[in-house]
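Colleague: Heads up, my numbering is the position in the sequence shown plus 1, with the first residue counted as 1. By construction, the Cβ of each residue, glycine as well, lies at the ideal position given by its N, Cα and C atoms. Following this message is one structure expressed as structure tokens.
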Amino acid sequence: MRFSSLSKNTLRALTALIMAAVYVPLALVIMNSFNAATSSSFPVQEFSTKWWVAAWNNQGVREALWTSVKVAFWATLIALILGSMVAFALSRYRFFGRNTVNLLVVLPIALPGIVTGVAFSNTFKNVFEPLSINLGLFSIIVGHATFCIVMVFNNVQARLGQMNRGLEEAAMDMGANVFRTFFQVTFPGFRAAFVAGALLAFALSFDEVVVTTFTAAPGTETLPIWIYNNMARPNQAPVVNVIAAVLILVSMIPVYLSQRLTGADQLERKAAKQRKAA
């Protein structure tokens, strides 16, 4: 399909407009985190790092940061284990209800966060609290793991579907046991997708706010919840800008690394196919 010059210029203008609408507000938040004034403004008259120092010295911020890291780490670990196992089961085996299981695994990422949050809140209050399991760090981790699993599952399943199973069969024919075949042949084949899924899961958990609101105990704050609770307080506005900037950067880095890993993996597979064809 070929486009006229007018169509190309129109598409470029629309693309630039959409990108500006998304990234200019983010840039303003980062810029105002270095604003020496106590209120956000543009253009910034004087730059300073004092609010970054104030944010680091804020005990509530540091506790919220540590809580976010712990939740994201454990949610990602659970997602890596369960997401990979389900991906293997659905990619390597055919059984009754396979498509239904696939749907149920990916459904949490499509559900509104408030629905997931309400469901977990009711479950913990009505089922687990009588068993002395209350809302807290564990409930947040479980809530986050439900949608983090989808990130790992999608990446690993897509890569497993492209792998040559003949390599595994050849390794086992040559005497390698199941574990040696997995760690020396299978895992290297989907390692990039595995790590990319982990990075996306960590980023998704780290900046999640809706599910956390319903699954956190009173007084338990992650960084997004800290922002939500303090953004209406005028004296905390500069520190809120700093924390928002941190969340932007922390979210961008895993996504960038995941994209790089996926791109490198695709280039490697393309080169392998070209070598095989030659």
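If we ignore side chains and look at the alpha-carbon of each, how far apart do residue 250 and residue 259 end up?
Modeller: Position 249 of the sequence shown, counted from the first residue, corresponds to residue 250. Position 258 of the sequence shown, counted from the first residue, corresponds to residue 259. Whole-angstrom Cα-Cα distance: 14 Å.
Colleague: In angstroms, rounded to a whole number, what distance separates the CA positions of residue 23 and residue 226?
Modeller: Reading the sequence shown from its first residue, position 22 is the one you call residue 23. Reading the sequence shown from its first residue, position 225 is the one you call residue 226. Going by the C-alpha atoms only, they are around 22 Å apart.
Colleague: Closest by CA to residue 109, which one among 75, 130, 155, 99?
Modeller: If you number the sequence shown from 1, residue 109 lands on position 108. Closest by alpha carbon: 155.
Colleague: Under the assumption that residue 117 contacts residue 212 (Cβ atoms under 8 Å), give the Cβ distance between them as a whole number of angstroms.
Modeller: Indexing the sequence shown from 1 puts residue 117 at position 116. Indexing the sequence shown from 1 puts residue 212 at position 211. About 5 Å separates the two Cβ atoms, so the contact holds.
Colleague: For residue 178, name the three-state secondary structure that DSSP assigns.
Modeller: Indexing the sequence shown from 1 puts residue 178 at position 177. Note: residue 178 maps to coil in three-state DSSP.
Colleague: In this structure, how does DSSP classify residue 183 when only helix, strand and coil are distinguished?
Modeller: Numbered from its first residue, the sequence shown carries residue 183 at position 182. Note: residue 183 maps to helix in three-state DSSP.
Colleague: Three-state secondary structure (DSSP) at residue 35?
Modeller: The residue you call residue 35 lines up with position 34 of the sequence shown. Residue state, collapsed to three classes: coil.
Colleague: Count the other CB atoms within 10 Å of the CB of residue 222; is the residue buried (16 or more) or exposed (fewer)?
Modeller: The residue given as residue 222 occupies position 221 in the sequence shown. Buried is the call here.
Colleague: For a cutoff of 8 Å on Cβ pairs, would you count residue 106 as touching chain D?
Modeller: This model lacks chain D altogether; it includes just one protein chain.
Colleague: Can you tell me the Cα-Cα spacing of residue 200 and residue 150, whole angstroms?
Modeller: As a first step, residue 200 must be located in the sequence shown, where it is residue number 199. As a first step, residue 150 must be located in the sequence shown, where it is residue number 149. Taking the straight line joining both Cα atoms gives about 12 Å.
Colleague: Quick one, are the C-beta atoms of residue 65 and residue 224 less than 8 Å apart?
Modeller: The residue given as residue 65 occupies position 64 in the sequence shown. The residue given as residue 224 occupies position 223 in the sequence shown. Cβ distance < 8 Å, so residue 65 and residue 224 count as in contact.
Colleague: Grouping DSSP H, G and I as helix and E and B as strand, with all else coil, what is residue 96?
Modeller: The residue you call residue 96 lines up with position 95 of the sequence shown. Looking at residue 96 - three-state DSSP - the assignment turns out to be coil, as it is neither helix nor strand.
Colleague: Among 20, 42, 6, 50, which has the Cα closest to the Cα of residue 243?
Modeller: Your numbering for residue 243 matches position 242 in the sequence shown. Among 20, 42, 6, 50, the Cα nearest to that of residue 243 is on 50.
Colleague: Quick check on DSSP: helix, strand or coil for residue 48?
Modeller: Against the sequence shown, residue 48 aligns to sequence position 47. Residue 48: strand per DSSP, three-state reduction.
Colleague: Go ahead and label residue 85 buried or exposed: buried means 16 or more other beta carbons lie within 10 angstroms of its beta carbon, across all protein chains shown.
Modeller: The sequence position of residue 85 within the sequence shown is 84, counting from 1. By the neighbour-count rule (16 or more Cβ atoms within 10 Å), residue 85 is buried.
Colleague: Let me know if residue 220 comes out buried or exposed under the rule of 16 or more other beta-carbons within 10 Å of its beta-carbon.
Modeller: Residue 220 sits at position 219 when you count from the first residue of the sequence shown. Result: exposed.
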